[in-house]
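Student: Quick note, the sequences are listed as chains A and B, same order. If you number the first sequence the way this note's numbering does, the last residue is 1584 and the count never jumps. If you number the second sequence the way this note's numbering does, the last residue is 482 and the count never jumps. Note that the Cβ used here is the ideal one computed from N, Cα and C, for glycine as well. These numbers come from a predicted model, not from an experiment. I have a structure I would like to understand better, so I am pasting it below and will then ask my questions one at a time.
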Amino acid sequence: MPAKLIEREMRTENLPHIWCPGCSHGSTMRALCQAIENAGLERKNTIIVSGIGCSSRAVGYLNFDTIHTTHGRALAFATGIKLAKPQLNVIVLTGDGDISAIGGNHLIHACRRNIGITCIVLNNNIYGMTGGQYSPTTPSGDYATTAPYGNIDRDFDIPLLAKSAGATFTARVTAYGINEAIKVMERAIRHKGFSVVDVASICPSYYGRKNKKGDVVKMLQWQRDNSVPVKAAEKMSKEELQGKIITGIFNDEQYPEYTDEYEKIIERAGGR
Amino acid sequence: MSKRILMQGNEACVRGALKAGMRFFAGYPITPSTEIAEGCAVELPKVGGKFVQMEDEIASMAAVIGASVTGVKAMTATSGPGFSLKQENIGYASMAEIPCVIVDVQRSGPSTGLPTSSSQGDVMQSRWGTHGDHPIIVLSPSSVSETYYLAIRAFNLAEKYMTPVIFLMDEMIGHLRETVEIDDNVEIICRKQPDAPEGKFEAYKGEENLVPVLPVFGSGHYYNITGLTHNTWGFPTNNRAVANELNSRLLNKIENNRRDIEAWDEYLTDDAEILIIAYGGSARVGEDAVDMLRRKGIKAGMYRPITIWPMAEDRLRELSQRIKKILVIEHNNGQYLHEVERVAADDAEIEFIGRINGAFILPEEVTEKAEAM
Chain A
1313 MPAKLIEREM RTENLPHIWC PGCSHGSTMR ALCQAIENAG LERKNTIIVS
1363 GIGCSSRAVG YLNFDTIHTT HGRALAFATG IKLAKPQLNV IVLTGDGDIS
1413 AIGGNHLIHA CRRNIGITCI VLNNNIYGMT GGQYSPTTPS GDYATTAPYG
1463 NIDRDFDIPL LAKSAGATFT ARVTAYGINE AIKVMERAIR HKGFSVVDVA
1513 SICPSYYGRK NKKGDVVKML QWQRDNSVPV KAAEKMSKEE LQGKIITGIF
1563 NDEQYPEYTD EYEKIIERAG GR
Chain B
110 MSKRILMQGN EACVRGALKA GMRFFAGYPI TPSTEIAEGC AVELPKVGGK
160 FVQMEDEIAS MAAVIGASVT GVKAMTATSG PGFSLKQENI GYASMAEIPC
210 VIVDVQRSGP STGLPTSSSQ GDVMQSRWGT HGDHPIIVLS PSSVSETYYL
260 AIRAFNLAEK YMTPVIFLMD EMIGHLRETV EIDDNVEIIC RKQPDAPEGK
310 FEAYKGEENL VPVLPVFGSG HYYNITGLTH NTWGFPTNNR AVANELNSRL
360 LNKIENNRRD IEAWDEYLTD DAEILIIAYG GSARVGEDAV DMLRRKGIKA
410 GMYRPITIWP MAEDRLRELS QRIKKILVIE HNNGQYLHEV ERVAADDAEI
460 EFIGRINGAF ILPEEVTEKA EAM
């Protein structure tokens, strides 16, 4: 018997999901459902958009109007949806490769516009769907099928990138800290403007195995033991923060939202 | 009520689209289509519509599809290099059956090519630019007036058949100024919506004419849209039988309805002994050439495809069985020529004049070749 939350929010006929045993995407998807309920979103007015990759397959299971788009383009599709119908709540579900590699341009420009979209990044530091290639968030020195001698690329800090590009709400949570994840996602959904929540996720099948991170429990315990709340991190040195996951809300600012601004253009042009 | 207005081809495209009910445009600056984006930026807010200049061509195409799933008629406009970039999401719109209009004001390629020179080099790309076997409708106007009315038809076909429609202009027509007689009394088609209470809906079932009824997002039907092969509920599947059914329906959706979609024009074909085949900008050259040949006593006529795809090939076959000399003229190296050969090579002698340097073919070149045939 699925839990009541799952019965309400998911297309149970499509379950079980396709993710590997131990993948954190399932529990993050459930947490998102809880956050949507807690934020009080009306199902009819809520659109969930995703790109391509493991994380993006979530939309098939979510009982909303859902659209699984092309690789990296979820935010561009979502921009069209939100701008065409600003009354809709638009949530984007994406992964690290989808949003910060092929979709990197769309990410920075959605941030810059401060359009009212909530972007949840299921960041597992790897391309899982294609079997474990390095992504822009694979830490330097780690291994992947396409980094057999170690990754020489520097890794992106997605919330920092988003904040620098103009996102008015950025945060990071972990798959381990699921209760905090629900709370932060709820705040991101309620935020007026563009919000980004980076969910530090685990991929035991590809990232974990390739980098000898141990089993699922070990990977989650590592998250527990290495998470540093943003307040505590402010008092720590760069060296002390090496290899740590800084969690919490990095910024929560008010700035005119894009579709509101466009309404002013319509007024100026005499269209209202 | 009708009024006569002098306008540019690109402007006629904007006006036609607005008349059709376009209320969303996403684009990226590119010559020679930029006037379309500029026109939309001015006009859309006046009617409560939205214009957005996206970060790139790919995003523009994506935003157009996003707007369309909410039920808003949406368009983008570009030229060769941008058309290449849009192919990814044009394929998505084709697979997911999202109506939208993509304008390609062709310029000379390949690559960045001759940005301010006309061309018809994107004809095959308009049919096969995106990967996989997919349906598409391509329309090509050959005057400013036709640009206006055909832009309306582009939206009508998109909404009726739930498909992207490529509006294949060329620089010659895009930057041409002619008088358009605007007739307000035109047919406007909006996509069908389900006659069902809110709740789960089998969106991709396809009706008798094979066209699906896709509820607009926000109407309470909670279905999934994907570019993956999907079942009738929109959920991804690898099932071979389902894949075959979906892909066949997608292709037959256009094929079975081609009588309704196909459009072409004929000029003096009744007694013609030589048939010029041209479309878009090259049809302007062709028409002049027919007149010049007639003045010389040569019975020339012209067949002008308006729907480039699907090609009105039954009519072309009929003509080629009667008129044994065909001269194809295109501002490219012979792209549609192959389609003409496919249909007419058994019955008629086919010659070709092309141009790949950004210049136009001159009517005199056509008459000279025709006279030698």
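Grouping DSSP H, G and I as helix and E and B as strand, with all else coil, what is B:Asp-213?
Tutor: As a first step, residue 213 of chain B must be located in the second sequence, where it is residue number 104. Of the three classes helix, strand and coil, the one that applies to B:Asp-213 here is strand, per DSSP.
Student: Anything in the stretch 1464–1496 of chain A with a Cβ closer than 8 Å to a Cβ of chain B? List those residues in chain order, please.
Tutor: From the stretch 1464–1496 of chain A, no residue has a Cβ closer than 8 Å to chain B.
Student: Whose C-beta lies closer than 7 Å to the C-beta of B:Glu-152 among residues of the same chain, with five residues either side of it excluded?
Tutor: Position 43 of the second sequence holds residue 152 of chain B. Contacts found: Val-123, Leu-127.
Student: Against chain B, which members of the stretch 1364–1384 of chain A pass a CB distance test of less than 8 Å?
Tutor: Those residues of the stretch 1364–1384 of chain A that come within reach of chain B (Cβ to Cβ, closer than 8 Å) are Arg-1369, Val-1371, Gly-1372, Asn-1375, Phe-1376, Asp-1377, Thr-1378, Ile-1379, His-1380, Thr-1381, Thr-1382.
Student: Taking CB distances under 8 Å as the criterion, tell me whether A:Arg-1320 reaches chain B.
Tutor: Residue mapping note: residue 1320 of chain A aligns to position 8 of the first sequence, counting from 1. No, because no Cβ of chain B sits closer than 8 Å to the Cβ of A:Arg-1320.
Student: Applying a beta-carbon distance threshold of less than 9 Å, which residues of chain B neighbour A:Tyr-1439?
Tutor: In the first sequence, the residue the question calls residue 1439 of chain A occupies position 127. What A:Tyr-1439 touches in chain B: nothing, since even the nearest Cβ is about 17 Å away.
Student: I want to see whether chain A comes within less than 8 Å of B:Phe-326, judged by CB atoms only; does it?
Tutor: Residue 326 of chain B sits at position 217 when you count from the first residue of the second sequence. Yes, its Cβ sits closer than 8 Å to a Cβ of chain A.
Student: I'd like to confirm the pairing. Which residues does DSSP put opposite A:Leu-1434 in its beta bridges?
Tutor: By 1-based counting over the first sequence, the position of residue 1434 of chain A is 122. Paired residue(s): A:Gly-1407, A:Val-1511.
Student: In the stretch 352–392 of chain B, which residue ranges form an unbroken alpha helix (DSSP H) of at least 4 residues, counting only runs that do not cross its ends?
Tutor: Fully enclosed alpha helix (DSSP H) runs of 4 or longer: 367–370.
Student: Going by DSSP, what residue range makes up the beta strand (DSSP E) through B:Asp-462?
Tutor: Here residue 462 of chain B refers to the residue found at position 353 of the second sequence. At residue 462 of chain B the sequence reads Ile, which differs from the Asp that was named. That run of the beta strand (DSSP E) goes 458–463.
Student: Quick check: does the Cβ of B:Thr-416 come within less than 7 Å of any heavy atom belonging to the ligand PLP?
Tutor: As presented, the structure is devoid of all ligands, the ligand PLP included, so that no description of it is given.
Student: Against chain B, does A:Thr-1391 count as a neighbour if the rule is that its beta carbon must be under 8 Å from one of theirs?
Tutor: Here residue 1391 of chain A corresponds to residue number 79 of the first sequence, with the count starting at 1. So yes, A:Thr-1391 belongs to the interface.
Student: Applying the 10 Å Cβ sphere with the 16-neighbour rule, what's the burial state of B:His-240?
Tutor: Position 131 of the second sequence, counting from 1, holds the residue named residue 240 of chain B. Counting Cβ neighbours within 10 Å, B:His-240 comes out exposed, since fewer than 16 surround it.
Student: So with Cβ pairs under 8 Å, would you call B:Pro-154 a contact of chain A?
Tutor: Position 45 of the second sequence holds residue 154 of chain B. With 8 Å as the cut-off, B:Pro-154 counts as an interface residue toward chain A.
Student: By a C-beta neighbour count over all protein chains shown, 10 Å radius and 16 as the cutoff for buried, is B:Pro-109 buried or exposed?
Tutor: With chain B covering only 110 through 482, there is no way to say anything about residue 109 of chain B.
Student: For chain A, find out if any of its Cβ atoms is closer than 8 Å to the Cβ of B:Phe-344; answer yes or no.
Tutor: Here residue 344 of chain B is taken as the residue at index 235 of the second sequence, counted from 1. Interface residue, yes.
Student: Does DSSP put B:Phe-133 in a helix, in a strand, or in coil?
Tutor: Numbered from 1 along the second sequence, position 24 holds the residue referred to as residue 133 of chain B. Residue state, collapsed to three classes: strand.
Student: Check the Cβ of B:Lys-314 against every Cβ in chain A and list those closer than 8 Å, keeping chain order.
Tutor: Taking the first residue of the second sequence as 1, we reach residue 314 of chain B at position 205. By Cβ distance, chain A contributes nothing, its closest Cβ being about 16 Å from B:Lys-314, past 8 Å.
Student: Within 8 Å, do at least three Cβ pairs link the stretch 175–194 of chain B to the stretch 1392–1399 of chain A?
Tutor: Contact between the stretch 1392–1399 of chain A and the stretch 175–194 of chain B is present, because at least three Cβ pairs lie under 8 Å.
Student: Are the stretch 1443–1450 of chain A and the stretch 1516–1531 of chain A in contact at 8 Å, needing three or more beta carbon pairs?
Tutor: With the cut-off at 8 Å, the stretch 1443–1450 of chain A and the stretch 1516–1531 of chain A touch.
Student: Pull out every residue of the stretch 114–146 of chain B whose Cβ sits closer than 7 Å to any Cβ of chain A, in chain order.
Tutor: Listed in sequence order: Phe-133, Ala-135.
Student: By Cβ distance, which residues of its chain are closer than 7 Å to A:Phe-1376, with the 5 residues on each side in sequence left out?
Tutor: Translated into the one-based positions of the first sequence, residue 1376 of chain A becomes position 64. Closer than 7 Å at the Cβ level, and outside the excluded window around A:Phe-1376, lie Arg-1355, Thr-1358, Ile-1359, Ile-1360.
Student: Label B:Ile-297 either buried or exposed according to how many other C-beta atoms from any shown protein chain fall within 10 Å of its C-beta, with 16 as the threshold for buried.
Tutor: Residue 297 of chain B sits at position 188 when you count from the first residue of the second sequence. Exposed, by the Cβ-count rule.
Student: Say whether chain B places a C-beta atom closer than 8 Å to the C-beta of A:His-1421.
Tutor: Position 109 of the first sequence, counted from the start, is the residue given in the question as residue 1421 of chain A. With 8 Å as the cut-off, A:His-1421 counts as an interface residue toward chain B.
Student: Let me confirm a value: A:Leu-1327 is counted as buried when at least 16 other C-beta atoms fall within 10 Å, else exposed. Which label applies?
Tutor: To locate residue 1327 of chain A, count along the first sequence from 1; it is residue 15. That one is exposed.
Student: List the residues of chain B whose Cβ lies closer than 7 Å to the Cβ of A:His-1329, in chain order.
Tutor: Along the first sequence, one-based indexing puts residue 1329 of chain A at 17. Simply none; closest approach about 12 Å.
Student: Measuring straight from C-alpha to C-alpha, what distance separates B:Gln-234 and B:Glu-206?
Tutor: On the second sequence, position 125 is the one that residue 234 of chain B refers to. On the second sequence, position 97 is the one that residue 206 of chain B refers to. Near 19 Å, if we compare the C-alpha coordinates of B:Glu-206 and B:Gln-234.
Student: For A:Arg-1499 and A:Gly-1352, what's the separation of their Cα atoms in angstroms?
Tutor: Locating residue 1499 of chain A in the first sequence gives position 187, counting from the first residue. Locating residue 1352 of chain A in the first sequence gives position 40, counting from the first residue. Using only the alpha carbons, I get a separation of about 11 Å.
Student: Output the boundary residues of the alpha helix (DSSP H) element that contains B:Asp-455.
Tutor: If you number the second sequence from 1, residue 455 of chain B lands on position 346. Note, B:Asp-455: premise wrong, no alpha helix (DSSP H); not H, not E.
Student: Where does the unbroken beta strand (DSSP E) through B:Gly-148 begin, and where does it stop?
Tutor: In the second sequence, the residue the question calls residue 148 of chain B occupies position 39. Taken as a continuous stretch (DSSP letters only), B:Gly-148 belongs to no beta strand (DSSP E), being part of the alpha helix (DSSP H) at 143–152.
Student: Leaving out five residues before and five after B:Lys-112 in sequence, what residues of the same chain have Cβ atoms less than 8 Å from its Cβ?
Tutor: Against the second sequence, residue 112 of chain B aligns to sequence position 3. So the qualifying residues of the chain are Glu-290, Ile-291.
Student: Measuring alpha carbon to alpha carbon, tell me which of A:Leu-1419, A:Val-1496, A:Ile-1429 ends up nearest A:Asp-1408.
Tutor: As a first step, residue 1408 of chain A must be located in the first sequence, where it is residue number 96. Of the listed residues, the one whose Cα sits closest to A:Asp-1408 is A:Leu-1419.
Student: Can you tell me which of the three DSSP states A:Arg-1502 falls into?
Tutor: Translated into the one-based positions of the first sequence, residue 1502 of chain A becomes position 190. Reduced to three states, the DSSP call for A:Arg-1502 is helix.
Student: Looking at chain B, is there any beta carbon in it that lies within less than 8 Å of the beta carbon of A:Lys-1316?
Tutor: Within the first sequence, residue 1316 of chain A is the residue found at index 4, counting from 1. No, A:Lys-1316 does not count as interfacial toward chain B.
Student: Assign B:Glu-164 to one of two classes, buried (16 or more other C-beta atoms within 10 Å of its C-beta) or exposed (fewer than that).
Tutor: Here residue 164 of chain B refers to the residue found at position 55 of the second sequence. Burial call: buried.
Student: Residues of the stretch 1404–1431 of chain A with a CB closer than 7 Å to any CB of chain D: list them in chain order, please.
Tutor: Among the chains of the structure shown, chain D does not appear; the protein chains present are A and B.
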